[in-house]
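Residue numbers (our numbering): 58 to 483. C-beta atoms are modelled at their ideal positions from N, C-alpha and C, and glycine is treated no differently.
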């Protein structure tokens, strides 16, 4: 709605971008629309997300207060039993101090300022410690889907950016340091959610906490050294194909882009405050009319249309599965199994697509001929796939995926019900 509204209120807007539409050398209308969305609508979404994140944190104030109390509550002085032994606090603090040194050096590399690096390291340790404890405890209480990672990361970024400006560290150096702080805290919050779930399961099964904590530390270190290679492969492979790497339309990173935009706006002095304030007013209006989730509206405005379109299609398929399940009389536990099976199938598709993308990017790096599967096999190019013919042909695999996501959960539960009935009869 806002893109056509912006073009309606300012008909000369395409001329201010790169020339009048239709003039020689002017971009097509699709590029004009994309430019309006990217440069004007996304900042509005950022303002709305700030209000949405603040509202979410305010609504969780009692849970957050309970999280602080539960995370930092001191137990009795008696010798704990095996199932309550954690790593020594002195060793944990020593590890934090030791790891703060290389992080400080990294921040100094970005900021080229001792004061800026010290401020960034302190903000990283304080906010990372507090937000990881709070986020992890909330995950242990109510599940991973309720961990406010985006709100915690944005809060950290704003605090770090304002402090950087206060200490005079601005420009690209300050932006790099701020993004470094936000990245570390964001990863720490995500890891804390996974860690607390593992410890929760271990507590139920009677495990020894300190052994699980050592295993988690080893797993985190190993994973950090392993996952960097797929990221580099994707980044370099996209550049080899003429893109800009991570952040390219073919390799989008919306949340990282939001953090970069916020950091550049506050530290680099490039924040379009008028659009940000408009977005905040828009979110307040959504709150006043009691919109179920202004944050989701803002995220939908910020994400690329292709992403939101795919999410909408997935929601339609889920509604279709629920409708079919209800028509066949599946309720209660059976309906839950249908949803769980569908989630597993969708998760498998996501994981498979991700692994395939990494493999293809790796092949691009290995061989410059591998710009496509057809090119690697020496087959003639299929340029027609970029036109209407390719769009119509894409409906075939899309229909197959839709059938898979609808049919498999229903058939799986039906087979499970038949097997259970046969077992009871025997």
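- By the C-beta criterion, the stretch 232 to 245 is judged not to be in contact with the stretch 256 to 269, since fewer than 3 inter-stretch pairs fall below 8 Å.
- Within a 10 Å sphere around the beta-carbon of residue 373 sit fewer than 16 other beta-carbons, which makes this residue exposed.
- In terms of CA proximity to residue 299, 422 leads the group 402, 173, 185 and 422.
- Membership of residue 255 in the alpha helix (DSSP H) is indicated by the continuous run 228 to 262.
- DSSP places residue 447 within a helical segment (H, G or I) once states are collapsed to three.
- CA-CA distance, residue 409 to residue 399, rounds to 15 Å.
- Annotated as distal: residue 446 and residue 291, with beta-carbon spacing of 7 Å or more.
- By the 16-neighbour rule on beta-carbons within 10 angstroms, residue 182 is buried.
- With respect to residue 246, residue 192 sits close: the two C-beta atoms are nearer than 7 Å.
- Taking the Cα positions, residue 95 is about 21 Å away from residue 229.
- Taking 4 residues as the shortest admissible run, the stretch 274 to 362 contains the following complete alpha helix (DSSP H) segments, listed from N- to C-terminal end: 311 to 324, 330 to 345 and 351 to 359.
- Nearest C-alpha to residue 260 among 354, 112 and 138: 138.
- Annotated as distal: residue 359 and residue 175, with beta-carbon spacing of 7 Å or more.
- The straight-line gap separating the alpha-carbon atoms of residue 376 and residue 368 is approximately 12 Å.
- In this structure, DSSP gives residue 142 a state outside helix and strand, which the three-state scheme calls coil.
- Cβ contact annotation for residue 214 (same chain, cutoff 7 Å, sequence separation greater than five): 235, 239, 316, 319 and 320, in chain order.
- Taking the C-beta atoms as reference points, residue 224 is found nearer than 7 Å to residue 172.
- Non-local C-beta neighbours of residue 143 in its own chain, meaning closer than 7 Å and more than five positions away in sequence, comprise 266, 267 and 270, ordered along the chain.
- A check of alpha carbon separations from residue 86 across 98, 71 and 99 identifies 71 as the nearest.
- CA-to-CA, the gap between residue 412 and residue 287 works out to about 9 Å.
- Sequence-distant Cβ neighbours of residue 371 in its own chain, meaning closer than 6 Å and more than five residues away, do not exist here.
- One Cα belongs to residue 68, the other to residue 112, and the distance between them is close to 36 Å.
- Distances from the CA of residue 469 to each of 262, 250 and 378 were compared; the closest alpha carbon is that of 378.
- Contact annotation: residue 333 and residue 104 have beta-carbon atoms nearer than 7 Å.
- Counting other Cβ atoms within 10 Å of its Cβ, residue 166 stays below 16 and is therefore classed as exposed.
- With a cut-off of 8 Å on Cβ pairs, the stretch 248 to 256 is not in contact with the stretch 341 to 355, counting fewer than three such pairs.
- Using a Cβ distance threshold of 7 Å, residue 90 and residue 168 do not count as a contacting pair.
- Taking a contact as a CB-CB distance under 8 Å, the pair residue 242 and residue 185 counts as one, their CB atoms being some 5 Å apart.
- Its chain contains 60 and 63 as the residues whose beta carbon lies nearer than 6 Å to that of residue 93, once the 5 sequence neighbours on both sides are disregarded; these appear in chain order.
- The beta carbons of residue 110 and residue 211 sit about 5 Å from each other, so the pair counts as a contact at 8 Å.
- In this structure, the straight-line span from the alpha carbon of residue 312 to that of residue 262 is close to 36 Å.
- For the pair residue 402 and residue 463, the CB atoms are not nearer than the 7 Å cut-off.
- Assignment of residue 225 by DSSP, reduced to helix, strand and coil, places it in the coil class.
- For the pair residue 388 and residue 460, the Cα-to-Cα distance works out to about 22 Å.
- The shortest CA-to-CA distance from residue 190 to any of 252, 161 and 145 is the one to 252.
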